[in-house]
Amino acid sequence: MANRKEVGVIGLGKFGYALAAALTDLGHDVVGVDRNPDNVRRAQGKLAQVYECDATDEKALGQVGFKDLEKVIVSTGSSMEASILVVLNLQTLGVRDIWVKAISEEHERVLYKLGVPYVVFPEAFVAFQLAHRLTMPGIHDYFGLGTDVVTREILVDKWAGKTLRDLDLTNKFHVQVIAYRKNGEAVFSFVPDANMEFTEGDVIVLIGKTDDMIKIEKF
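Numbered per the numbering used here, the sequence shown spans residues 1 to 219.
If you want it as structure tokens, here you go:
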């Protein structure tokens, strides 16, 4: 596939394994890590590479090649301490595109303070979607704007120091920035000013057509 990625998944429990399997089915190369041998055995027939490894050990994590991966998802179960230590190890190895499954609001706040760009609450996210679908029958997404309208979060890297006016994404790619979150903050702000300057580690949210979103990869 044209957009094939190498993705690491740390923690192959219910959520981690399901996500790793879904990424594999989408055509991506997934490297899985877990210290539970049963979880490792279950994933070996599905994922590209699977290692029995304690990801809280920085040296061990480096030895299985995580420093070379484009994206890493951390899903370490119910231990907030283990999750934070894994994140610190990944950051030391130079991994920037880190997604973490949070287990509490306190955990979420700490992760954002550490500079983690993407934090997810799977249960809360599904519950929120279901509540909207139950109370507004026929609505299958947040926007109801069509099947080819998507949102996308982008971690600011090479766009650091630029403003929305400089980037001119609407005219160049027909997408619109609808929200942003400054590096280290947990809450999104909406409708950014065209002259606001982005810094490295900020996250911006775009809305537009799928094909237009893909074109941004090379910008």
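For glycine and all other residues, C-beta sits at the position ideal for the given N, C-alpha and C.
Item                                                                                                                                                               : Value
Answer with buried or exposed for T92, where buried requires no fewer than 16 other C-beta atoms within 10 angstroms of its C-beta.                                : exposed
Apart from the five residues just before and just after E197, which ones in its own chain have a Cβ nearer than 6 Å to its Cβ?                                     : T163
How would you call G138, buried or exposed, if buried means at least 16 neighbouring beta carbons within 10 angstroms?                                             : At G138 the pLDDT is 46, less than 50, meaning the model places this residue with poor confidence and gives no usable figure here.
Helix, strand or coil for L114 per DSSP?                                                                                                                           : coil
Apart from the five residues just before and just after R181, which ones in its own chain have a Cβ nearer than 6 Å to its Cβ?                                     : F188, V203
In three-state DSSP terms, what is I103?                                                                                                                           : coil
Go ahead and label G144 buried or exposed: buried means 16 or more other beta carbons lie within 10 angstroms of its beta carbon, across all protein chains shown. : Unreliable positioning characterises G144 in this predicted model, as indicated by a pLDDT of 49, which lies under 50. The coordinate reading is nonetheless provided below. G144 comes out exposed.
What three-state label does DSSP hand A194 in the structure shown?                                                                                                 : coil
What is the C-beta distance between V205 and T170, in whole angstroms, given that I count them as a contact (C-beta under 8 Å)?                                    : Going by Cβ atoms, the distance from V205 to T170 rounds to 14 Å, so no, they are not a contact pair.
Apart from the five residues just before and just after S75, which ones in its own chain have a Cβ nearer than 6 Å to its Cβ?                                      : G11, F15, G16, K101
Counting Cβ pairs closer than 8 Å, one from the segment 111-123 and one from the segment 81-88, do we hit at least three?                                          : yes
Out of M80, L69, V126, which one is the CA nearest neighbour of E108?                                                                                              : M80
Output the residue ranges of the alpha helix (DSSP H) runs that lie fully inside the segment 23-84 and measure 4 residues or longer, sorted by chain position.     : 37-44, 58-63
Grab the span of the beta strand (DSSP E) containing T151 for me, first residue to last.                                                                           : 149-155
Excluding sequence positions up to five away, which residues of its chain have a Cβ less than 7 Å from the Cβ of A60?                                              : C53, D54
Taking C-alpha atoms, which residue in G62, V64, G45, I98 lies nearest to K71?                                                                                     : I98
Have a look at A18 and N39 and give me their C-alpha separation to the nearest angstrom.                                                                           : 12 Å
Check this for me: beta carbons of V177 and D212, under 8 Å apart or not?                                                                                          : no
Using 10 angstroms around the beta-carbon of G94, count the other beta-carbons present and answer buried if the total reaches 16, otherwise exposed.               : exposed
Is K158 helix, strand or coil when you go by DSSP?                                                                                                                 : coil
Roughly how many angstroms lie between the CA atoms of D168 and F219, to the nearest whole one?                                                                    : 11 Å
Indicate the three-state DSSP secondary structure (helix, strand or coil) for E108 in the structure shown.                                                         : helix
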